[in-house]
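Chains as they are written, first to last, in the numbering used here: chain D, 164 to 634; chain F, 164 to 634.
What follows is a set of notes on a single structure, which appears directly below.
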């Protein structure tokens, strides 16, 4: 396993002037070649060094627009990189082989709310907050919450999850059907609104997590859930990370249907306090949320308090009103920005390992020892109920030694997670950063199967090429 | 949309003597060419007319055995049909293009129980009852229950679900990882034991539901769940099917986490009473099960009773001990056999539509009117909490007119379900029976994408060819 290189392999495929002319002629001002627009579309939230931006950005407003862009790009064998809000963490949006950025953020209509079926169909540019605003009146909600206000298209493409996944699942479990523009510009549907189906290959889940490499997602149908009758949130501080993690393991093993259980280490609490003046105890903490009937929530909370107190957890702080809950969750949602601000000019290299729950403490504690010894500042948060956590190594992007140290830490962490039958990425995807890890994790045979699928569906290799694996 | 033909298209590909000789030389008595063994492996529970059986049956005892059989078959371009216990309902096991049956039922070891992670890894020949026996001591259970005591390999291959799916999901949600022998005889792993992952294409879910057409499943890792602290089961009779179904719709829309909610129509209750002397009221009924804490179960049951009584549901019969629950569930589990015995010599043509929950009553009631008008006897059961139900048309297999009438009824039902944004198959798969329906449901574009995937992974078309779609 080689540590990923700081600069991805770049080879620019030619983008003929004739293609740009054709796009401009068809889309007018909605096809931009302005440098500032191209640069904005040629990066994401990852710490990769910049690569030359795409040659043009097309702002699609309909599935038909997407199909036309892809058809034109296919005619010229030019890469197409779908773009939502740019919140990817793994370099998915970088034009490493050149090409066209296809911005779907204007495709932001909620197409049909089927409250009586607990489903909703949206265009790919709808963000998760926008979706929850739109369905609020129905008494339903969409639970997948990756932190960023990402688009449903992007969340599908990266198989996103987040804080509620421990109870409600990830995009894998929550996408019912997609409309997809294929690499040849055809429009297909991958499923129906039925809750389950055994009708042929599961194209929906083949597309979910394919990171834009198999087609462009143009519609997403997802499940909704009734807003719980009662919701309660709590913060609990622990004497050590180990105590917090061992409490989590026991909560999960006992089958308590906790809706959220998030770890924040003491150092990250300090950063958040500095950023948002929250005045939280600067100790490792779990942020938890319970959903259910009033008595159900009470039962869950009592069981969890009992477990936590066995491990020295103390000072439960409860929140039952939406306002109080928002305050508690501010700590979690601000962690990334607080961390970035704690070291001006830094970039974060985020890890994303996920291990079977029984191995969580071992995986996490050894990695903390290594991170502390390295001297690199970091933040640490985790969807620990799923065995998933993130270090964010806060590096000076111009300091080669720091970058290498961070990569070595990540490398050691991934190796440890894989030895524990875990994965290198719970929710961020492979992108450019983890291609070597993917081979180590799944073996050449499985990656070669992925390559065969890619070649079959995208023979010209125009859909976001150079991501997940090299061909 | 054409009604499927009674006899699938048959063209036998040659099975060279040299291949049979090689298999006999390698596997000795574990390669059988006895007619009785071949015939037993050339049929399933579907009502298809028999086709000539496979040329040989190989009993594999290890992944290595499977890889060797597939490699040999590949060398001779001969079809391989994986076989578990033969409980398929859609003709999956019929050797429509000839070939070799690969029986994995002797690969029946539970390989590792990871109770602390709520996972278990088994060989493909392990059946669901065997699995639940094996994990009983851990206080955990595996919920997917398709009725038949199917193998985990077969259940994965057909994306099975059943009575518990309304709460615990289907094989789609419960398989974490697979080991698969590919069409070239390579052995790959499709995932890890991590609860979630964003590591590349979701090969696990591509294989789940691929009906043996993309490879042979040789290991299955699935999720387990803590046995609920309290379990309660109930039967409730209703004045009409509509009342039972409208109650179900409301239970689901309110988000009550019911573990099972099964419909049995009055006619089927009569058949079950005759078969098993249960003395149940011969009215439409719902069989329900609640899992949770004692108070949670009580709350769920109270809410459901309130809903049911609004629709005229009466005479709740409760069962809380395992023995009483088993008696109640006998009605559901015996429905198929009771129905078959109600008309000696008959075969059942099973429907499997699944629709969004709000359309369930419309879809079901109109289809009952049609079935009653046809004069064909039938049974009717349903996993109605998922919008999924099964008519079993009980035909005389030698009566061409009856078969055609049953196919017409199914055809009308599927058309209705598709017009309601549902699917032709919730859990049985496409097999031979629903290939035309698949095209209507998903469109040529999606089926052509499936064909492209098949050609990419199985260029010689040797893995269970002629199922799901024709190439």
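Backbone N, C-alpha and C fix where the C-beta goes; we use that ideal spot for every residue, glycine too.
What are the complete alpha helix (DSSP H) segments, minimum 4 residues, inside the stretch 363 to 420 of chain F?
-> Counting whole runs of 4 or more residues, the stretch 363 to 420 of chain F contains the alpha helix (DSSP H) stretches 366 to 370, 404 to 416.
Using a Cβ cut-off of 9 Å, pull out every chain D residue sitting near residue 260(F), in sequence order please.
-> Neighbours of residue 260(F) in chain D, taken as residues whose beta carbon is under 9 Å from its own, are absent, since the nearest beta carbon is some 19 Å off.
Excluding sequence positions up to five away, which residues of its chain have a Cβ less than 6 Å from the Cβ of residue 398(F)?
-> Only residues of its own chain outside the window of five on either side were considered, and among them 448, 450, 480, 491 have a CB closer than 6 Å to the CB of residue 398(F), listed in chain order.
Counting contacts by CB-CB distance shorter than 7 Å, is residue 577(D) in contact with chain F?
-> No, because no Cβ of chain F sits closer than 7 Å to the Cβ of residue 577(D).
Beta-carbon of residue 598(D) versus every beta-carbon of chain F: anything under 7 Å?
-> Taking 7 Å as the threshold, the shortest C-beta distance from residue 598(D) to chain F does not fall below it.
Three or more C-beta pairs closer than 8 Å, one from the stretch 336 to 343 of chain D and one from the stretch 604 to 623 of chain D: is that the case here?
-> Verdict: no, contact absent.
Residue ranges of each beta strand (DSSP E) within the stretch 196 to 242 of chain D, 3 or longer | Taking only runs of at least 3 residues, the beta strand (DSSP E) segments lying wholly in the stretch 196 to 242 of chain D are 219 to 222.
Between the stretch 400 to 412 of chain D and the stretch 294 to 306 of chain D, are three or more C-beta pairs nearer than 8 Å?
-> Contact annotation: the stretch 400 to 412 of chain D does not touch the stretch 294 to 306 of chain D, with fewer than three C-beta pairs closer than 8 Å.
Of the residues 221(D), 577(D), 359(D), which one's Cα is nearest the Cα of residue 197(D)?
-> Nearest option by C-alpha distance: 221(D).
Would you kindly report the start and end of the unbroken beta strand (DSSP E) that includes residue 482(D)?
-> Run containing residue 482(D): 477 to 482, per the beta strand (DSSP E) assignment.
C-beta contact flag for residue 380(D) and residue 226(D) at 7 Å = Their beta carbons are not under 7 Å apart, which means residue 380(D) does not touch residue 226(D) by this criterion.
Using the beta-carbon count (16 or more within 10 Å), is residue 191(D) buried or exposed?
-> The residue is exposed, with fewer than 16 neighbouring Cβ atoms inside 10 Å.
Within chain C, the residues that residue 624(D) reaches when beta carbons sit closer than 7 Å = The structure shown contains no chain C; its protein chains are D and F.
Where are the alpha helix (DSSP H) runs, 4 residues long or more, that stay fully inside the stretch 504 to 542 of chain F, in chain order?
-> Listed in chain order, the complete alpha helix (DSSP H) runs (minimum 4 residues) inside the stretch 504 to 542 of chain F are 523 to 537.
Chain F contact residues for residue 394(D), given Cβ-Cβ distances below 8 Å | Going along chain F, no residue has its Cβ under 8 Å from residue 394(D), so there is no contact; the nearest lies around 13 Å.
Name, in chain order, the residues that DSSP records as bridge partners for residue 277(D).
-> DSSP lists 282(D) as partners of residue 277(D).
Assigned secondary structure, residue 321(D) (DSSP; H/G/I helix, E/B strand, else coil) = In this structure, residue 321(D) counts as coil in the three-state DSSP scheme.
Considering only residues of the same chain and omitting the five flanking positions on each side of residue 372(D), which have a CB-CB separation below 6 Å?
-> Result list for residue 372(D): 322, in chain order.
Any contact of the stretch 236 to 243 of chain D with the stretch 356 to 363 of chain D, i.e. 3+ C-beta pairs under 8 Å?
-> In this structure the stretch 236 to 243 of chain D does not touch the stretch 356 to 363 of chain D; the number of beta carbon pairs closer than 8 Å is below three.
Same chain, Cβ closer than 8 Å to residue 215(D), five either side skipped, listed in chain order | The residues are 173, 175, 205, 258, 261.
Can you say whether residue 303(D) is buried or exposed, counting buried as having 16 or more other CB atoms within 10 angstroms of its CB?
-> Counting Cβ neighbours within 10 Å, residue 303(D) comes out buried, since at least 16 surround it.
Identify, in the order they occur along the chain, each residue of the same chain with its Cβ nearer than 7 Å to the Cβ of residue 444(D), setting aside the five sequence neighbours on each side.
-> In the same chain as residue 444(D), and ignoring 5 residues on each side of it, the C-beta atoms closer than 7 Å to its own belong to 400, 478, in chain order.
For residue 489(F) and residue 383(F), the rounded distance between their alpha carbons = Residue 383(F) and residue 489(F): Cα-Cα distance of roughly 28 Å.
Closer than 7 Å to chain F by CB, residue 279(D) = So yes, residue 279(D) belongs to the interface.
Straight-line gap, residue 123(F) to residue 585(D) (C-alpha atoms, nearest Å) | As shown, chain F starts at 164 and ends at 634. That puts residue 123(F) outside it, with no answer to give.
State the Cα-Cα distance for the pair residue 570(D) and residue 519(F), rounded to the nearest angstrom.
-> Using only the alpha carbons, I get a separation of about 47 Å.
Using the rule of at least 16 other Cβ atoms within 10 Å of the residue's Cβ for burial, across every protein chain shown, is residue 634(D) buried or exposed?
-> It counts as exposed.
Candidates 632(D), 335(D), 597(D): which alpha carbon is nearest residue 608(D)'s?
-> The residue with the shortest Cα to Cα distance from residue 608(D) is 632(D).
Less than 7 Å separating the beta-carbons of residue 422(D) and residue 474(D)?
-> Cβ atoms of residue 422(D) and residue 474(D): not closer than 7 Å.
Mind checking which residues open and close the alpha helix (DSSP H) that includes residue 578(D)?
-> Counting along the chain, the unbroken alpha helix (DSSP H) around residue 578(D) starts and ends at 563 to 582.
Measuring CA to CA, which of 629(D), 554(D), 266(D), 515(D) is closest to residue 595(D)?
-> Nearest C-alpha to residue 595(D): 629(D).
So residue 580(F) and residue 526(F) are in contact, right, with Cβ under 8 Å, and what is the actual spacing, rounded?
-> Going by Cβ atoms, the distance from residue 580(F) to residue 526(F) rounds to 6 Å, so yes, they are a contact pair.
How is the alpha helix (DSSP H) around residue 448(F) delimited, first residue to last?
-> Note, residue 448(F): premise wrong, no alpha helix (DSSP H); beta strand (DSSP E) at 448 to 455.
Which of helix, strand or coil does DSSP assign to residue 549(D)?
-> Three-state DSSP puts residue 549(D) in a helix.
Beta strand (DSSP E) segment containing residue 590(D), residue limits = For residue 590(D), there is no enclosing beta strand (DSSP E), since its DSSP letter is neither H nor E.
Nearest-angstrom Cβ-Cβ length linking residue 316(F) and residue 287(F), presumed shorter than 8 Å = 3 Å between Cβ atoms; contact.
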